[in-house]
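Per my numbering, the sequence shown starts with residue 9, numbered consecutively. Heads up, the thing below is written out as structure tokens.
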Amino acid sequence: MGLNAIVYWNSLYIDAAVKKLAASGMTISPEIRAHLSPLQWEHINFVGSCPFNRPGLPGRLRDLRDTATADDDQAL
9 MGLNAIVYWN SLYIDAAVKK LAASGMTISP EIRAHLSPLQ WEHINFVGSC PFNRPGLPGR
69 LRDLRDTATA DDDQAL
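Below you can see the structure in the form of structure tokens.
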């Protein structure tokens, strides 16, 4: 069940990121899209506590980070 939740969550944000990039004029080719996978969970700690702080954003996703101003060492 945990993996299903992670795949669903990652799918939502991958879709939102692709749509935001497309809206800004960037073309995401089918070849690139074929390599996008929601089966990534390195950002989840399965062996310890995982605190979840839910922001008060009922009914919508939180805003995506602006990559133009983001630190280089942080992943999308």
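All C-beta atoms in this analysis are idealised placements derived from N, C-alpha and C, irrespective of residue type, glycine included. Quantities reported herein were computed from a predicted structural model and do not represent experimental measurements.
Spatial neighbours of L20 in its own chain (CB-CB distance under 8 Å, excluding positions within 5 residues in sequence) are listed in chain order as L69. With respect to L47, I36 sits apart: the two C-beta atoms are not nearer than 8 Å.
Annotation: the continuous alpha helix (DSSP H) that includes A25 extends over G10 to A31.
Rounded to the nearest whole angstrom, the CA to CA distance from Y16 to A42 is 17 Å. Taking C-beta atoms under 8 Å as the contact rule, L44 and I22 qualify, at a distance of about 5 Å. When G10, A24 and L11 are compared, the shortest CA-CA separation from D74 is found for A24.
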